[in-house]
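All residue numbers for the sequence shown refer to the working numbering, where the first residue is 2 and numbers rise by one.
Let me begin by presenting the structure, written as structure tokens, before commenting on it.
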Amino acid sequence: MINPKDVSDESQSNDDQSTTKDVNSEINAAQTEDEYYNALRKKYHGGLSSAELQTKTAIEKGYYDGNNADQVYQKIQNEEQKIQNGEYDQYKN
2 MINPKDVSDE
12 SQSNDDQSTT
22 KDVNSEINAA
32 QTEDEYYNAL
42 RKKYHGGLSS
52 AELQTKTAIE
62 KGYYDGNNAD
72 QVYQKIQNEE
82 QKIQNGEYDQ
92 YKN
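Structural data, given as structure tokens:
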């Protein structure tokens, strides 16, 4: 049996891995909130991260444990508005 990974285009795979590592480095190296969110949007192609989506859902369904749910939810909504306004369109594929 042939493993599909053995047949895949390695240069594409390496490029994807390199990009992910670079973006993760950007996220980890961010010194400001703007740098952090720009790197996060770059990684998630201009959209919310899975953690943001999960947190939003948890708050909406009432099982978020933090006592700052209103602030967190407002921040996620602000980021969604920025996304809708096209602020992160340069990261879309």
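Where a beta carbon is used, it is the ideal one built from N, C-alpha and C, also for glycine.
Neighbourhood of I77 by C-beta distance below 6 Å, restricted to the same chain and skipping five residues each side: Closer than 6 Å at Cβ, skipping near neighbours: E53, K57.
What is the rounded straight-line gap between the Cα of Q85 and the Cα of K43? Those two C-alpha atoms are separated by around 15 Å.
Mapping the DSSP letters down to three states, classify N94 as helix, strand or coil. In the structure shown, N94 sits in coil (DSSP, three-state: anything other than H, G, I, E or B).
To the nearest angstrom, report how far apart K83 and Y89 are at their CA atoms. C-alpha of K83 to C-alpha of Y89: approximately 7 Å in a straight line.
Cβ neighbours of E61 in the same chain (closer than 7 Å, five flanking residues each side left out): Once the five neighbours on either side are set aside, E61 has no close Cβ partner at all.
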